[in-house]
Amino acid sequence: MKEENTDYSYQGVGEFILEIIKIVALAFIVIVPIRVFLFQPFFVQGASMEPNFEDGQYLIINEFGFKETDLKIFNIDSFKDLDRQHPIVFRYPLDSKKFFIKRVIGLPGEKVQIKNNEITIFNSEHSDGFILDEKAYIPLGTPTKGDIAITLKDNQYFVLGDNRQFSSDSRVWGPVPKNDIIGEVLVRAWPLDKISVY
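Quick look at the structure:
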């Protein structure tokens, strides 16, 4: 009888280990694609996006439609269109190991002009240009320094930090190539009293 009990106990341990392996495998199958291809955490560093995003805040980035991969099972061919004035995360064009967060100002094919502290956008719908209204995210009257006129290529975006006086952005190092874009800000998850969805 004792030997039979021992056999049953071994069988129970084996089933338990098998269940653990199944759970881990299932978690891997579900979580890894979500983490690698859909969402990515991002910590804000610096003051260039104040007052909207502050140093140390924790964001969730939506990567879907932005990330390309050679794994055909997860292959995403089309690049998602970005909305003007939406915050994005991208690789710094001058150092791909660094990641920046800025706001999309100019879209591919547009001409962006900064003059007299105002941003004017020229495109096919507004050949005479329109002054960008930014009161939704920066205080009214915030100056945008610079004297720039740039026409973006089909795969380029012009980005600016919300804290215009203390931001290194497209005014300094030029437009962001499409391939350097990681994704768009989806959620501010921390601090808890500032949780918001974009």
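Here our numbering is used: the first residue of the sequence shown is 1454, the next is one more, and so on. All residues carry an ideal CB built from backbone N, CA and C; glycine is no exception.
Please classify residue i as buried or exposed, where buried requires at least 16 other C-beta atoms within 10 Å of its C-beta.
i	result
Lys1555	buried
Ser1620	buried
Gln1618	exposed
Pro1540	buried
Tyr1590	exposed
Glu1571	exposed
Ser1623	buried
Leu1547	exposed
Leu1613	buried
Gly1467	exposed
Glu1472	exposed
Over the uninterrupted alpha helix (DSSP H) stretch that includes residue i, give me the two end residues.
i	result
Ser1683	Shown here, the chain extends from 1454 to 1651; a query on residue 1683 therefore has no answer.
Pro1624	It should be pointed out that residue 1624 corresponds to Arg in this sequence rather than to Pro. Looking at the DSSP string, the run of the alpha helix (DSSP H) that includes Arg1624 is 1623 to 1626.
Which two residues bound the contiguous beta strand (DSSP E) that contains residue i?
i	result
Arg1537	Per DSSP, Arg1537 belongs to no beta strand (DSSP E) and is neither H nor E.
Leu1639	1634 to 1643
Tyr1610	1609 to 1613
Glu1571	1571 to 1575
Val1565	1564 to 1568
Ala1500	Per DSSP, Ala1500 belongs to no beta strand (DSSP E) and is neither H nor E.
Ile1648	Unbroken run through Ile1648: none, as it is neither H nor E.
Ordered along the chain, which non-local residues of its own chain (more than five positions away) have a Cβ less than 6 Å from that of residue i?
i	result
Leu1535	Val1557
Asn1505	Tyr1590, Asp1615
Gln1566	Thr1573, Ala1602
Phe1495	Leu1512, Ile1514, Val1542
Excluding the five sequence neighbours on either side, which residues of its own chain have a C-beta within less than 8 Å of the C-beta of residue i, listed in chain order?
i	result
Lys1647	Gln1510, Arg1641
Go through its chain and collect everything with a Cβ distance to residue i's Cβ below 7 Å, but skip five positions before and after it.
i	result
Asp1508	Val1497, Gln1498, Gly1499, Ala1500
Gln1493	Ile1514, Glu1516, Ile1635, Gly1636
Helix, strand or coil for residue i? Go by DSSP, reduced to three states.
i	result
Ile1591	coil
Ile1584	strand
Leu1512	strand
Phe1469	helix
For the structure I just gave you, are there three or more beta carbon pairs, one from the segment 1630 to 1637 and one from the segment 1597 to 1617, closer than 8 Å?
At 8 Å Cβ cutoff, the stretches touch.
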